[in-house]
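Student: The structure follows.
In this note's numbering, the protein residues as written are 35 to 156.
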């Protein structure tokens, strides 16, 4: 497992958010088959009902689909995945801006910080 569950939020929500990130980042590709409920629960050492809930919510969100008798798959709706990636990025940016304002940074200082960090990461 490439990440650790914590006790700060419900386990199912941590798993759901992690799967969303794997989908939007391309680590789980469009149309890729997911592990069975039992296999994923075993891998994460959680109750299968937890994974069942995660899969159900992701399916309700349109991020995964069920092919009866075959399994569950990541949606092949590229636009849906792109929109989710954009939504998640906007949430991160809003949080960053809010926290930066609370620290006393001005708009231009925030923009400069982002520009500097982007260039350092490139």
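Ideal placement from N, C-alpha and C gives every residue a C-beta, glycine not left out.
If you compare alpha carbons, which of 105, 143, 126 and 52 is closest to residue 73?
Tutor: It is 105 whose Cα lies nearest to the Cα of residue 73.
Student: Hey, out of 57, 139 and 41, whose CA is closest to residue 89's CA?
Tutor: The shortest Cα separation from residue 89 among 57, 139 and 41 belongs to 57.
Student: Looking at the unbroken alpha helix (DSSP H) that takes in residue 130, where does it start and where does it end?
Tutor: Its alpha helix (DSSP H) spans residues 112-136.
Student: Checking contacts by CB at 8 angstroms: is residue 100 closer than that to chain C?
Tutor: This model lacks chain C altogether; it includes just one protein chain.
Student: For residue 86, collect the residues of the same chain with a Cβ closer than 8 angstroms to its Cβ; drop the 5 residues on either side in sequence, then sort them by chain order.
Tutor: Here the set comprises 71.
Student: Going by the CB atoms, is the gap between residue 108 and residue 138 shorter than 8 angstroms?
Tutor: No, the Cβ-Cβ distance between residue 138 and residue 108 is not below 8 angstroms.
Student: Just to confirm, is the Cβ distance from residue 115 to residue 68 under 8 angstroms?
Tutor: No.
Student: Enumerate in chain order the residues of its own chain whose CB-to-CB distance from residue 40 is below 8 angstroms, with the five nearest sequence positions on each side excluded.
Tutor: Contacts found: 48.
Student: Of the residues 80, 117, 134 and 103, which one's Cα is nearest the Cα of residue 96?
Tutor: For the residues 80, 117, 134 and 103, the minimum Cα distance to residue 96 belongs to 117.
Student: Taking 8 angstroms as the cut-off, decide whether the C-beta atoms of residue 93 and residue 84 are in contact.
Tutor: Cβ atoms of residue 93 and residue 84: not closer than 8 angstroms.
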